[in-house]
Structure formats: structure tokens, C-alpha cells
Amino acid sequence: MNRLAVELPGLSLKNPVMPASGCFGFGREFAELYDLSLLGSIMIKAVTREPRLGNPVPRVAETPSGMLNAIGLQNPGIDKVEGELNWLAGFHLPIIANVAGYSDEDYCYVAERIAKVPNIGALEINISCPNVKQGGITYGQDPAVAKALTQKIKAVSSKPVYMKLSPNVANIKEMAKAVEEGGADGITMINTLIGMRFDMKKRKPLLANKTGGLSGPAIKPVALKMIYDVYETVKIPIIGMGGIQTAEDVLEFFYAGASAVAIGTENFVNPWICPQIIEELPKVLDQYGFEKMTDAIGVGH
Amino acid sequence: MNRLAVELPGLSLKNPVMPASGCFGFGREFAELYDLSLLGSIMIKAVTREPRLGNPVPRVAETPSGMLNAIGLQNPGIDKVEGELNWLAGFHLPIIANVAGYSDEDYCYVAERIAKVPNIGALEINISCPNVKQGGITYGQDPAVAKALTQKIKAVSSKPVYMKLSPNVANIKEMAKAVEEGGADGITMINTLIGMRFDMKKRKPLLANKTGGLSGPAIKPVALKMIYDVYETVKIPIIGMGGIQTAEDVLEFFYAGASAVAIGTENFVNPWICPQIIEELPKVLDQYGFEKMTDAIGVGH
Amino acid sequence: MQQCQMQIVENMRIARDTYRMSLRANELDLSLFTPGCFINIKIDDSAYLLRRPISLYEIDLAAKLVRIIYKVLGKGTELMSKMAAGEELNILGPLGSGFPIQNDSQSVLLAGGGVGVPPLYELGKRLQERGVTITSVLGFQDADSVYAIKEFETLGQVFVSTIDGSFGQKGTIIDILNKQEIEFDTLYSCGPAGMLKALDEKYQGKKEGYLSFEERMACGIGACYGCMVNTKAGLKRVCKDGPVFALGEVSYE
Amino acid sequence: MQQCQMQIVENMRIARDTYRMSLRANELDLSLFTPGCFINIKIDDSAYLLRRPISLYEIDLAAKLVRIIYKVLGKGTELMSKMAAGEELNILGPLGSGFPIQNDSQSVLLAGGGVGVPPLYELGKRLQERGVTITSVLGFQDADSVYAIKEFETLGQVFVSTIDGSFGQKGTIIDILNKQEIEFDTLYSCGPAGMLKALDEKYQGKKEGYLSFEERMACGIGACYGCMVNTKAGLKRVCKDGPVFALGEVSYE
Ligand SMILES: Cc1cc2nc3c(=O)[nH]c(=O)nc-3n(C[C@H](O)[C@H](O)[C@H](O)COP(=O)(O)OP(=O)(O)OC[C@H]3O[C@@H](n4cnc5c(N)ncnc54)[C@H](O)[C@@H]3O)c2cc1C
Ligand SMILES: Cc1cc2nc3c(=O)[nH]c(=O)nc-3n(C[C@H](O)[C@H](O)[C@H](O)COP(=O)(O)OP(=O)(O)OC[C@H]3O[C@@H](n4cnc5c(N)ncnc54)[C@H](O)[C@@H]3O)c2cc1C
Ligand SMILES: Cc1cc2nc3c(=O)[nH]c(=O)nc-3n(C[C@H](O)[C@H](O)[C@H](O)COP(=O)(O)O)c2cc1C
Ligand SMILES: Cc1cc2nc3c(=O)[nH]c(=O)nc-3n(C[C@H](O)[C@H](O)[C@H](O)COP(=O)(O)O)c2cc1C
Ligand code: FES
Ligand code: FES
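Protein chains in written order, with our numbering: chain V, 42 to 342; chain B, 42 to 342; chain S, 9 to 261; chain U, 9 to 261.
Put into C-alpha cells, the structure is as follows:
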């Protein structure tokens, strides 16, 4: 028996650990450091219909136990990304494609096309990017809009659809309920909180985009709370993320209700973090008395 | 000229630094450590009509660069608090009374009574406490409800009224606009984000209340961003808070749009933090080229 | 209460996951430190925001040292355990009320469990100076966790229990106290909540006695209302009104 | 690229707010480190989440040491400046592409400004071994900020400028280059963005040359797309595709 295995819609994962979208590019830099087939899956960088240049620099800033980013969905567009996916096929992993857009049509166009790529296991629909002017987060703050988008994407996608929720809402349960009703196969959460820093000398916002998305350990308690709430509200599985740094953190996310986890910012601090956590997970299961990973899902309730 | 002085509705402050509500009790513990008259003001612990026992323990937990609390508004009730205010009168400070409640009537009863206490300079209406079942945060998430409450309190209060906003909303500007329209004289922000931790061995939430309010440096970028937004939306002044640890942080909050600041969690780490920051502020003004504190308000825009 | 940097003079493993640390206290007025009070330690990594409350195991007025014994439970104590002599820790103290010493007490029982053992030692030393007869009953998890027995033996008779029976008598210290007839007029105890409750129920109304409680703390100085304990006189703060409460004072419902 | 703990062998103040640190690199294959590449340093306090990119000032293959020179700008470098010999830092490296060394170049100009001066020194040493004629033009804020002049003098002629004129010539290095006729076929430069732009505009199309850019980074390994620079061939990552770009490559609009 593989103690770490997890079965999710579209995703037969040998372990529940994957890099989070936007924090791993398309894997090329990390493939120089370790064998990507060690991973459960990979959430690739957000893909849009057309290539996107993203925001001006500075795009990143540090905050206490966290960071801000305003990358702005820079990506080479769906055409080029299909090439990257081809390369990733060599690692025999179900890949999760992070889909972004500025209109229903954009989202559906990319979703339909990318779902057809064989090594794509599931789609993650980014309705929560705080760093683009239109689209992105507006979809992530209105339950009715999110539900309608989910339905449209489900209609065109040949692969399971996970909706990525934004924490910048008053009521995360409503959002989760809405995407479940829209037919989502799963939920990924949380995207970044919105935050800001100032350049003290220049007397202006540190990021060129002014505001950015807050990630890293600072947001971990917020992620845990929202996953806890969503787990009690919907029946579809949750892939949890937000500040994970250790194998014990992974287990804490399972307690809250996650069925798998993604690791974002910590890849920047320690590029080997994903395989290291995968290696440590069995020890942590032993330590806290779990036979297998799935036994820990939601035990904190 | 006093470089640190700030004039706000009801509050002639010799400096813009005060302890945040709930992080300083009624000042008795700190009066043993330093002369409270050094402070700009004091935001006293939340006061309700009747005495409140608060939540069961554990009530506090640590998170990366932050903490969770679920005190649950424990306080001795308005009768006893009037006695504490009498004692505080000896320090010749305008005190800010933090008023909490579970209904419009509760809020108005406490607000009307406490506004009459001579050394109260202004009221801070806590519509954002995440740790009580009813009242508290529900008032803080619905603009119409918040506006109506502001109007009612303004009608009975003989002192200026500051509304304390919750960060657990999708749109902080709407909330700020609503309380301004309701007649608020100022805004204090932010209260805590909602968060959670788990006890790994006991397999349950670490706090007896399950969830708690996240404070400390971890939330600083969120506070700065929300203050930045509110500063652009309303004309009434903002008292800013959320993770302040240094005199430079104070200036950063001014850049974002605060006209004064409150220090919460850091009092627990370093009980002398408020007078220390007050002492360092002139040096920080020199370092960044400001003649006086008020010159820095909103310069980051 | 003072805040100061203290230099680590020794940081030694003395049992499984258990360390004794000596801290140089040149800047502190140690006469203010009494047995049962505690210090609040800033972990030397600012992501670990809150201080860690640790009781004083020994106060060495002559050498201007304080000693603590701590168990590695989480990340904060783990980081402490990796510090070397010469490094510094920021501490706040003394905090809390300490054990009241009764003038008329002739014989005392010191009852300690796990990380509750350390504060009883300094207390015992002071009682010994007064000529009081001391019996210690100390409970641990297992043989590997046992520490400070030799030190307590300098104070008087010592009974030890371990949960798994691998050292001393098998069971808890309550089991020892139920079996063994021990003469004492005043009880002092510190240990897990369940143990304190059992002692309180066993001795309240019958003996004089003081129990030292633990609760998760944020400030340690009485400002946050995080560390409440329910007493018959209402809610009290463990850090400021305690950590020591008399037998019969705490209410356990 | 490797990640490892490096021991601090020396951490010395050499100018105002400026420190030279030597790090023991026993576990590293230093042959992979070339002038112009950088290491990413983990500050020993986990609240400071991101690593700090710092160029290599000197690579001492024989002694298995690398040296860096860094300026205290914010809290991270301030914490670094307080570390003592014997303490360890976690580093990731080598990162970035480094300066390409041209086989046919006979004379080079090293143009450094402020914290851009350090990476030019190791480059200069390697060029000197090849018998290349080296002229260095180094710019600083003021006399108190000047460092490493003696070291650069071992490479060849050195011109120094300070903004306030308190040392060397008054002005920027661009002022020096406008006045002074310096013979060179290849330019290597590192310094503030404005200086690099001025050099690029002055020499592109006329000389061979390489400029090392700085940008705020999160990962330093090409994964986050935080550190983009606009080039005539599209957006590139300073950390992975750079930090060194050829004259004329970067687009400044
Ligand atoms: C008055 C008092 C005296 C104490 N004396 C001693 C002593 O002499 N020796 C000793 O080994 N331990 C003692 N403890 C317990 C000690 O404070 C905790 O074991 C320690 O804080 C755990 O920190 P950590 O970083 O390893 O754990 P973490 O779980 O990482 O700590 C996270 C947070 O929870 C708090 N916390 C965790 N466990 C406890 C606990 N059991 N009690 C209170 N706070 C906790 C920490 O202070 C910190 O704020 C005492 C506790 C109190 C309240
Ligand atoms: C490729 C490269 C090589 C460098 N080489 C050197 C060198 O040899 N000597 C030297 O003194 N400095 C060098 N720097 C600049 C150095 O990285 C920053 O001064 C340092 O990171 C500031 O950290 P701090 O904690 O003091 O500042 P803080 O402002 O507290 O840092 C906060 C965050 O911002 C980043 N940051 C702040 N300023 C800069 C900056 N100017 N450039 C990039 N990131 C920044 C930090 O890395 C950190 O993530 C280099 C930068 C780059 C990109
Ligand atoms: C630099 C950066 C880029 C990101 N880009 C994306 C993205 O393209 N699509 C997306 O859905 N989330 C993106 N995210 C959010 C992460 O996937 C993740 O949800 C978030 O960072 C929280 O996890 P963490 O705290 O482990 O980083 C990005 C985060 C960072 C830090
Ligand atoms: C232990 C604790 C108790 C608090 N109690 C109150 C309260 O009674 N009323 C209130 O309006 N805010 C309360 N707060 C919120 C603080 O006033 C402040 O808004 C928040 O903690 C952010 O500031 P900080 O990060 O500096 O702590 C409390 C915060 C803490 C940590
Ligand atoms: S820990 Fe804050 S009141 Fe006791
Ligand atoms: S710093 Fe992440 S891509 Fe360059």
C-alpha cells in the first residue's frame, strides 16, 4: 500500500504534494535540481489565451514571514504552453493547468483547448488573481458570477475542473457553495491576500503595481480557517495551500479538510522543498498515528 | 512646535501613538512599567453593557509572525469600567473607549453612557470582533447595517465616533463609505483577520473557540493596503493598526494614509514598545526628511 | 519586572528532550525572583512572535545566575535547545506570584509532574534553609525522561513514579500518594492539569497547599486576558494573579 | 546550483555601512562559480522569508573561501552585519550567468558604482591572469563609503569619483569617462540602473561590453518571474537570463 496516495477527480496522485501555480514556472528550473516525477502533480503557471507581459517591476517585496507579488499573469500564451506540456509529459505526472482570463470566452477558450492535452489531469481555474485589472478577482468575489463561469467551463472541458478561490471575500462558504453548484469537481485554495508595502525613501508603494498578493507562512492561519469552513460546506475535495513550509504543515492542512496540498512561496526559499516534504511525510504520519494520508482528511473537525 | 502632535476629532494628541484596544487592558499593568502620560492616547479594552466572561481557554496561539486570539470580549461591564476610567483620568490623556455590543440597543446604551465620562476623548465602535457569535463582525460586513448603527450611535454620543473596521470583507471601501455617510468622525482599522491553528496531537483546533483573530506583523501588508484604499475613499481621518513593531512601521502607516496609529500585539512582546516608538519617531522623521508627523499623512499616494 | 539580555552560560541535555540552561543575570535584581515565579523568553527568531514562559529551577544569588529546565515541545524550545553558551536570550521577568512560604509549616510535600518539577526545586532549597522537612514525589513519563532526582534527594526523601514503570513506581504520583503514607502539613505542586485537579480534590479542606497552573499565554503580564483560569472568585489570570493558587481556589467545571 | 551551510570566517566593516564577509565553502565545487554570478543568502531569522542576492567579490579556490562585500540597506543586511565568525549562513549558488570573458580582448574597462563594485574584482583578477590591461573606474557616494581601492590598484590604473567630491574626482563615473580618455576594447560594469543606462547609451555600437543588472528578486532561480528586465528580445529574468546583459541588449523605455 502507498500510504501517501490520494485519489481525486482526474488526479491519481502517488503523493498529495505539488508545487502551486506561479511558483514553479513550467518546471524547467526545478528539473535541473531533482526528478520531477517525484511530485504528486504540478500546478503550472497561469495560462491565458494570448501571451501576457505582466506588470512592471518591482514585482516582488518581502513582508514579515511573507511576500508580495504582482507578476500580473506573465505567460507565453496557450500556443507556447502546449509545448511546455509536451516536455512535462516525460515525467509521467497528471498536470494541473492553471487557467486565467479576462472574460468568459477567454476562460472557456483556454480551458477547452488545454483540457485536450493528454497529460493534463485537471484544470485549476484562477478566478482569484489580485494582480490584474479586469477579470481575475472580480470573478472570485461574486458567487453568481463564479457559478456561471464554472458552468460554462464545465460545459467545454473534457477534464475535471477545480476552481481556485480567493481569500479576499467576506464569506468563503458562499463562494465554495456557488462553484460546487456550478459543477466544479474540486476546489483549490487559497490564492493570495491583497497587501501592500511602501518604499520609505521614495515615498511610494514598493511594487510598481502598487498592491500585490500576500503569500507565505504569514497567511497560513487564514488558509486553514477558510479550508475548515469550506470543508464543512461542500462535498467536493479541496487542494489546500497557503504558507506550507513543512510536512507537519501538510498534515495540519489535512486536519482542516484538504485532500492534497500545494506549496508555493517556499519553493523560492528552498527549491528542494517539495521532494523533502514528500520524503518526510511518512515519518509525520507515524508521529501522529496515521496509517495513511487519507485518514487525516478533516480529522480536525 | 511639537513635531509629533496630531489633531483629530475629539483627540488632541501630543503624539500619534497609542496602545490598541484589548492589548493594554485598562493600562494598570503598564502603569507599573512607565508613565502612561507619555502616550498619545489609550484605546481601552472593549466594553459591553453587562460583564462578559469571554471564551474558554486556550484563547491564544502563535502563528508565523503573528498570533491568534479568541478572548471573546471578556470585560467587567460598563459600571466597573467607569471606575477604571476614573483612575486613568490621573494621566491627563484623552482616552478612546472601545464599545462592543450584540444589538443596536446595547451599542447605544454603552456609547451614550461612556461618552459622558469626562476623560473620554472619542469612542471606537467595535463592529469587527471576530470572536463572538452574534453582533461584532456581522455589523462589520454589511455596509447598510454599519451605516445604520453609526447613525444611531452618533445620535446618542456626545463625543466623536470612530468606527473600527474589519478586514474580513471583500470591499473595505464600501464599508468605509457607509460609516462616513452614517456620520462617523473617523475610522480605526484594521481589526484582526480570521484564522485558525490545529493541535496536532489532539487532532482538533488549538483554540477552544476553534477560530481566532490574527494579529501581529503577519497582517501588516493587509492593513497597509486597506488603509491605502480607505484613505482614497473617505475624508474622515484614519487611526491605523495591524502589526506595527517599529517607528519606521508607524511612518509606513502614515504613508498609506493613517493620521495616528495604535499598537496591539507588540505590547505583549515588548511591554515598553509604545514609549520606545514615541522616543524614536523624531529620528525617523529626520531620516526620511519630514519636519512633522502630519507631513507624512498619505504621502505614499 | 525587567527586560534584559541574558547570556547563556550552559545549555545541557539532562534527559530525553529535556535541557538545563543557566543564564547570567548581571543586570537583574535577583532578590525579586522568588520560587514559583517565571520568566518569559523571547525566541531568537522573530517569526516566533510570542515569548515562552518558563519557571525558574534555581536562583543562584551568589553566582548571579538563574537556571531553568525545559522540555523541547515545539519549535521555540527546539531553537532554544540548539543555542550555545555565549549566545544571548532576551527575557522578561520575574513574572507571576510565586509560592507563598508559610511560616508555621513544619513538613512539606513537593509534588511535581513532568515539566512541573523544576519550580519545586528552588522552593525546596529555601524551605530547607528554614529547617522544614521535605518529601518530594516526582512523576515522569518513563525512565528516559527522569531528571533532577539527585538534586531533590539533597532536600529529603524522594519518591519517583513513571507511567510505564521503567523507573521508580509504575503509575502517576497520585498512585504513590494513595499508597504511601506521607507526613506533611503543606503541599506545593506543579504539573499537568489532571494531576493538579486530582491533588486539589484529594487535599482541599484537609491540608494547606498551593498549586501552580499552566495556561497558553500571549503577554505573561496580565494584559491580554489570554490565560484565564476559573476560580471560585471568578476568572483569574494565570500569569498575573497566579500561576500559584491555593488548594480549593480553582474551580474545575 | 547547490544549497549549503557556509561558515563565516570573517565579517569586517570596511567602509560606512559596508562589510566584507568571508565564507568557508568546503562543500561547494567552486569551479562552478564565475565572476558576475551571485549567491542567495538566507537571513538567519525566519521572519525574513526571502533570500538576499549578493555578488561574489572574490573566489579563493585554494583556501576554499568566497568573499562578498555588502552594504547594510535594510533589516536583512543589518542582521548579517551583526553575525560573528563561526556562525553559519545558508546559501544557494552559484546563480546567474556571470560575465563572459572575451578571448580577443586586450584592454578592459571595469566600471563600478556603489554595491556594484564587488563583482568586478574577481573578474579583474581573472582578466589579469590572462594578461589583459585593466583600467577601473569606481564611483561612490562620499569618502566614507569608499572601499577596495587598494585591491583594484593591484589590477591596474584606478579612477575614483564621489558624488560630493570628498574623495577622488567629484561627480559620477560617467563624468570621469566623459573627461578622461581611457583606452579599452571591452567594458564590464555593475552599478545603479541610471549608471548602466548611461554607459549603455554611451558605448553601445561602439564597444564590446557587458552590464550586470539588479532587480528585486524572490527566487533567484528563474521560477517566479519577479525580476524581469525589458530587452530588445522581450522580457528576460535578471536572475537566470542575467544578471549580465550585453551592451545594447536591454531596452530602457
Ligand atoms: C507559568 C508557566 C511556566 C512554565 N514552566 C516551564 C518549565 O519550567 N519548563 C518547561 O519545559 N516548560 C514550562 N512551561 C511550558 C512551556 O511554556 C511550553 O512548553 C513552551 O512555551 C512551548 O514552546 P514551544 O515553542 O516549544 O512550543 P510551540 O507549540 O511551538 O509554542 C507555540 C506557542 O504556544 C505556547 N505554548 C505551547 N505549549 C504551551 C504550554 N504547555 N504552556 C504554555 N504555553 C504553551 C508557547 O508559549 C508559544 O506561545 C511553562 C508554562 C507556563 C505557563
Ligand atoms: C544579482 C544581485 C547582486 C547583488 N550584489 C550585491 C553585492 O554584492 N553587494 C551588496 O551590498 N548588494 C548587492 N545586491 C543588492 C542586495 O541584494 C540588497 O541590498 C539586499 O538584498 C538588501 O537586503 P536588506 O534585507 O538589507 O533590505 P530589505 O529592504 O529589508 O530587503 C527586503 C527585500 O527586498 C530585496 N531587496 C532590497 N533591496 C534590493 C536591491 N537593491 N536589489 C535586490 N533586492 C533588493 C531583498 O533581497 C529582500 O528580499 C545585489 C542584488 C542583486 C539582484
Ligand atoms: C510569485 C507568485 C506567482 C503566483 N502566480 C499564480 C498564478 O499564476 N496562478 C495562481 O492561481 N496562483 C498564483 N500564485 C498563488 C499561489 O499559487 C498560491 O495560491 C499562494 O501563493 C499561496 O501559497 P503559498 O503561501 O504557499 O505561496 C502565485 C503566487 C506567487 C507567490
Ligand atoms: C489579545 C487581543 C485582544 C483584542 N481585543 C480587542 C478588543 O477588545 N476590541 C477591539 O476593537 N480590538 C481588539 N483587538 C484587536 C486590536 O485592537 C488590533 O486591532 C489588532 O490586534 C491589530 O493590531 P496589532 O497587529 O498591532 O495587534 C484585540 C487584539 C488582540 C491581539
Ligand atoms: S498571558 Fe496575557 S493575561 Fe496572562
Ligand atoms: S527572482 Fe524569481 S525569476 Fe528571478
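Where is the CB? At the ideal position from N, CA and C, for every residue including glycine.
This one's a predicted model, so the numbers in the text were calculated from it and none came from an experiment.
Interface residues of the region 234 to 251 of chain U facing chain V [CB-CB below 8 Å]: 234, 235, 236, 237, 243 and 248
Measuring CB to CB, does residue 261 of chain B end up less than 8 Å from residue 283 of chain B? yes
Residue 186 of chain S by DSSP, collapsed to three states: which one? helix
Compare the C-alpha of residue 69 of chain V against each of V:90, V:128, V:229 and V:154 and name the closest. V:128
Residues of the region 97 to 112 of chain V with a CB closer than 7 Å to any CB of chain B: list them in chain order, please. Answer set for the region 97 to 112 of chain V: 104, 105, 106, 107 and 109.
Using a C-beta to C-beta distance shorter than 9 Å, which residues of chain U count as neighbours of residue 54 of chain S? 53, 54, 55 and 56
Beta-carbon proximity check, residue 190 of chain B vs residue 148 of chain B, cutoff 8 Å: One thing to note: residue 190 of chain B has its Cβ within 8 Å of the Cβ of residue 148 of chain B.
Which residues of the region 217 to 233 of chain U have a Cβ closer than 9 Å to any Cβ of chain V? Give them in chain order. 223, 224, 225, 226, 227, 228, 229, 230, 231, 232 and 233
Secondary structure, alpha helix (DSSP H): runs of 4+ residues fully inside the region 123 to 162 of chain S: 126 to 137 and 157 to 161
In chain order, which alpha helix (DSSP H) runs of at least 4 residues are fully inside the region 78 to 126 of chain U? 83 to 89
With which residues is residue 30 of chain S paired in a DSSP beta bridge? In the DSSP assignment, the residues bridged to residue 30 of chain S are S:18 and S:75.
Under 8 Å, Cβ to Cβ, is there at least one residue of chain B near residue 127 of chain V? no
Against residue 64 of chain B, what residues of chain S qualify as contacts under a CB-to-CB distance less than 7 Å, listed in chain order? 231 and 232
Taking beta-carbon pairs under 7 Å, can you tell me which members of the region 123 to 149 of chain U lie near chain V? none
So that I know if they touch, is there some Cβ in chain B lying closer than 8 Å to that of residue 309 of chain V? no
Where does residue 207 of chain V sit, in a helix, a strand or coil, going by DSSP? coil
Which residues in chain B have a C-beta closer than 8 Å to the C-beta of residue 50 of chain S? List them in chain order. 310
Does any residue of chain B have a CB that is nearer than 8 Å to the CB of residue 237 of chain V? yes
Grab me the residues of residue 125 of chain S's own chain with a C-beta within less than 7 Å of its C-beta, minus the 5 sequence neighbours each way, in chain order. Excluding residues within five positions, the ones whose Cβ falls inside 7 Å are 146 and 156.
Within the 8 Å Cβ cut-off, does residue 70 of chain V reach chain U? For residue 70 of chain V, at least one C-beta of chain U is nearer than 8 Å to its own C-beta.
Closer than 8 Å at the beta carbon, the chain V residues around residue 284 of chain B: By Cβ distance, chain V contributes 105.
Taking Cβ-Cβ distances shorter than 8 Å, what residues in chain U pair up with residue 115 of chain V? 233, 236 and 243
For residue 257 of chain B, does the count of other Cβ atoms within 10 angstroms reach 16, so buried, or fall short, so exposed? buried
Just how far apart, CA to CA, sit residue 192 of chain V and residue 337 of chain V? 31 Å
With a cut-off of 8 Å, does the C-beta of residue 94 of chain B fall near any C-beta of chain S? yes
Quick one, are the C-beta atoms of residue 142 of chain V and residue 90 of chain V less than 8 Å apart? One thing to note: residue 142 of chain V has its Cβ within 8 Å of the Cβ of residue 90 of chain V.
Test: residue 11 of chain S CB closer than 8 Å to a CB of chain B: Yes, because at least one Cβ of chain B sits closer than 8 Å to the Cβ of residue 11 of chain S.
Count the C-beta pairs between the region 213 to 228 of chain B and the region 180 to 189 of chain B that are closer than 8 Å, then say yes if the count reaches three, no if not. yes
What does residue 59 of chain S touch in chain B if you count any residue whose Cβ is under 7 Å from its own? For the C-beta of residue 59 of chain S, the chain B residues within less than 7 Å are, from N- to C-terminus, 310.
Within 8 Å of any Cβ in chain S, is that where the Cβ of residue 257 of chain B sits? yes
Please report the straight-line C-alpha distance between residue 316 of chain B and residue 159 of chain B, rounded to a whole angstrom. Taking the Cα positions, residue 316 of chain B is about 25 Å away from residue 159 of chain B.
Backbone CA spacing between residue 241 of chain B and residue 171 of chain U [nearest angstrom]: 58 Å
Limits of the unbroken alpha helix (DSSP H) element including residue 209 of chain U: 201 to 211
Look at the Cβ atom of residue 262 of chain U, then the Cβ atom of residue 195 of chain U, and state whether they are nearer than 8 Å. Past the boundaries of the shown model lies residue 262 of chain U; chain U is included only from 9 to 261, so the question cannot be answered.
Confirm, please, whether the CB-CB distance from residue 45 of chain U to residue 108 of chain U is below 8 Å. If you check the CB distance, residue 108 of chain U and residue 45 of chain U do not come in under 8 Å.
Within 10 angstroms of the Cβ of residue 173 of chain S, are there 16 or more other Cβ atoms? Answer buried if so, exposed if not. exposed
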